[in-house]
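Have a look at the structure below, then the notes.
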Amino acid sequence: MKTVIDQINKIYDKFNKLNEWFIIFLMSAMCLDLLGQVIMRYVFQHPLTWSEELARYIFVWIALLGSAWCGRNHIHVRMTAVTSLLPKPAVHVIQILISIICAGTCFILFPNACKIFMSQSKLKAVTLGVSLGIEYIAAPIGIMMMAIQWTIDALYAIFDWPGYQARYMKGED
95 MKTVIDQINK
105 IYDKFNKLNE
115 WFIIFLMSAM
125 CLDLLGQVIM
135 RYVFQHPLTW
145 SEELARYIFV
155 WIALLGSAWC
165 GRNHIHVRMT
175 AVTSLLPKPA
185 VHVIQILISI
195 ICAGTCFILF
205 PNACKIFMSQ
215 SKLKAVTLGV
225 SLGIEYIAAP
235 IGIMMMAIQW
245 TIDALYAIFD
255 WPGYQARYMK
265 GED
């Protein structure tokens, strides 16, 4: 089973690298969009009508894809005040529970995110004139990426596979 998970993990690492580059691209696009809006508004006195809506769409994508990326790289916000006082076996159990709860939450949220996407994809954006589905598809994609990551983390932690401590507890020793 570990070899299968290792293969999934390698594929997911490559996918996560693509995700990272896509986030960088989106951040650049959002900055350019907002810079263009500022220039058009204050220099040319003719603001763009669609710029803020585009920035909002991009921001939603950045937030959801960024959450998955942070989870994969284990740089999300964590409370370590209590766990730093506990022995390593107790911390290990807590990490397993956290991974299972987070994966379960993502799997519960995923169908609802899909329903929202399906209902919103029929509508058009006011200024851009594109389907709202472009914005709302970010939720199912980001949530599924987080679910996969938390599931992989749970399996590594439960079976205490080599590399788990190095992957999950970076900088906490």
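According to my numbering, the sequence shown is numbered sequentially starting from 95.
Where a beta carbon is used, it is the ideal one built from N, C-alpha and C, also for glycine.
At a threshold of 7 Å, does V185 count as lining the ligand ATP (C-beta to nearest heavy atom)? Although the ligand ATP was asked about, the structure shown includes no ligands whatsoever.
What alpha helix (DSSP H) runs, 4 residues minimum, are completely inside the segment 166-245? Listed in chain order, they are 182-214, 227-230.
Let me know the secondary structure DSSP gives T143 once reduced to three states. As a working note, residue 143 is residue 49 in the sequence shown. Three-state result, T143: coil.
Check the C-beta distance from I188 over to T177 and give it rounded, since I have them as a contact under 8 Å. The residue given as residue 188 occupies position 94 in the sequence shown. The residue given as residue 177 occupies position 83 in the sequence shown. So it is a contact: roughly 6 Å between Cβ atoms.
Kindly indicate which three-state DSSP category A260 falls into: helix, strand or coil? Here the question's residue 260 lines up with position 166 in the sequence shown. Annotation note: pLDDT 49 at A260 (below 50); position unreliable, coordinate value reported separately. Residue state, collapsed to three classes: helix.
Just the Cα atoms here: how many angstroms apart are V185 and I246? Locating residue 185 in the sequence shown gives position 91, counting from the first residue. Locating residue 246 in the sequence shown gives position 152, counting from the first residue. Straight-line Cα distance between these residues: approximately 18 Å.
How big is the Cα-Cα spacing for C200 and K216? For the purposes of this step, residue 200 is identified with residue 106 of the sequence shown, where counting begins at 1. For the purposes of this step, residue 216 is identified with residue 122 of the sequence shown, where counting begins at 1. Taking the straight line from one Cα to the other gives about 25 Å.
Answer yes if the segment 130-140 comes into contact with the segment 156-163, meaning at least three C-beta pairs across the two stretches below 8 Å, and no otherwise. no
Cα separation between D254 and L148? Mapped onto the sequence shown, residue 254 falls at position 160. Mapped onto the sequence shown, residue 148 falls at position 54. Between D254 and L148, the C-alpha separation is close to 44 Å.
Over the uninterrupted alpha helix (DSSP H) stretch that includes V98, give me the two end residues. Position 4 of the sequence shown, counted from the start, is the residue given in the question as residue 98. For V98, the uninterrupted alpha helix (DSSP H) segment begins and ends at 96-136.
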